[in-house]
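Asker:
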Amino acid sequence: MPVQVQDNEDVHPPIRPGVSLINTSVSQMIRNANRIRVCAVTVVNHTRWRLESAGVFVGGGNVLLPQQPVEPQTAEAFVAQKTASTATGTYGTASYLVQGSPDHPLFINVMWSIAFDRNIFKNRLGVEVGHQYNRDDFQRLYSPLGRRADSETRVFSTRDGLVPIRIEKNHLLVTGNLGNDSKTEAIIHVYENWA
């Protein structure tokens with residue numbers, strides 16, 4: 356008996372590697388980083404909209420590989436690491452403009468923090484969907500651990516590593532996970548949500 360598909364919304368096209376992942380993997384990118392605190396931020400775009408690179412603001416460390424736009428049905432990654440000879444981890448924000456969204460301008464802001472002293476601090480991930488982004492997003496997203504501070508224009512959540520994030524706003528569903536290792540990956544999935 357042939358398999359029947361009830362409607363087209365249940366079928367998801369396969370995700371392709373983007374420019375940053377054509378000849379490598381996220382695991383290899385992390386291994387190639389030569390510092391003890393590293394975060395690869397991977398964004399998987401399940402939507403029909405392009406996620407344009409709006410900016411990366413690094414408060415601690417530097418970016419090894421630049422942020423790339425994320426085409427529809429594509430995954431991209433960039434890597435940040437701590438600065439050499441400093442007692443800091445790596446932390447910052449990356450912003451993506453959702454091109455073609457009916458709620459234009461619409462940004463997805465991702466905050467990561469990989470702690471240097473893992474006896475005192477934990478890795479932390481924040482995700483926000485809103486109508487703006489700026490250099491100060493890190494402080495705003497880092498501070499309210501476990502607290503939602505939503506408004507008419509922004510919805511966000513911040514969690515310690517290993518606690519998943521889920522945000523629904525402006526026809527988007529964004530999920531995020533962060534590992535708890537000193538060299539780890541933050542994985543952000545972006546879906547359309549018309550419910």
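With this note's numbering applied, the sequence shown corresponds to residues 356 to 550, in that order.
Cβ coordinates follow ideal geometry from the N, Cα and C atoms, glycine included.
Are His544 and His401 close, meaning C-beta to C-beta below 8 Å?
Answerer: yes
Asker: Going by C-alpha to C-alpha distance, which of Ser537, Asp536, Ile469, Tyr546 sits closest to Glu523?
Answerer: For the residues Ser537, Asp536, Ile469, Tyr546, the minimum Cα distance to Glu523 belongs to Tyr546.
Asker: Would you please state the rounded distance, in angstroms, between the beta carbons of Trp404 and Val453? I believe it to be under 8 Å.
Answerer: 5 Å
Asker: Tell me whether Leu461 sits in a helix, a strand or coil according to DSSP, three-state version.
Answerer: coil
Asker: For a quick check, are the C-beta atoms of Ser440 and Gln423 less than 8 Å apart?
Answerer: The answer is no: Cβ separation not under 8 Å.
Asker: Return the CA-CA distance between Ile542 and Asn389, expressed in angstroms with no decimal places.
Answerer: 21 Å
Asker: Could you pull out every residue in the same chain whose Cβ sits closer than 6 Å to the Cβ of Ser450, ignoring the five residues on either side in sequence?
Answerer: Ala409, Gly410, Phe462, Asn464, Tyr488
Asker: Between Val393, Val484, Asp491, which lies nearest to Leu533 when the distance is taken from Cα to Cα?
Answerer: Val393
Asker: I'd like the span of the alpha helix (DSSP H) that includes Thr381, first residue to last.
Answerer: This sequence places Val at residue 381; Thr is not what is there. Unbroken alpha helix (DSSP H) run through Val381: 381-387.
Asker: What residue range is occupied by the uninterrupted beta strand (DSSP E) comprising Ile370?
Answerer: Annotation: Ile370 is outside any beta strand (DSSP E) and is labelled neither H nor E by DSSP.
Asker: Look at the alpha carbon of Thr429 and the alpha carbon of Gly373, and state the distance between them as a whole number of angstroms.
Answerer: Going from the Cα of Thr429 to the Cα of Gly373 covers about 6 Å.
Asker: Take Thr443 as the anchor and find which of His459, Pro460, Gly414, Ala432 has the nearest alpha-carbon.
Answerer: Gly414
Asker: So if DSSP puts Trp467 in a beta bridge, which residue, or which two residues, is it bridged to?
Answerer: Gly447, Leu480
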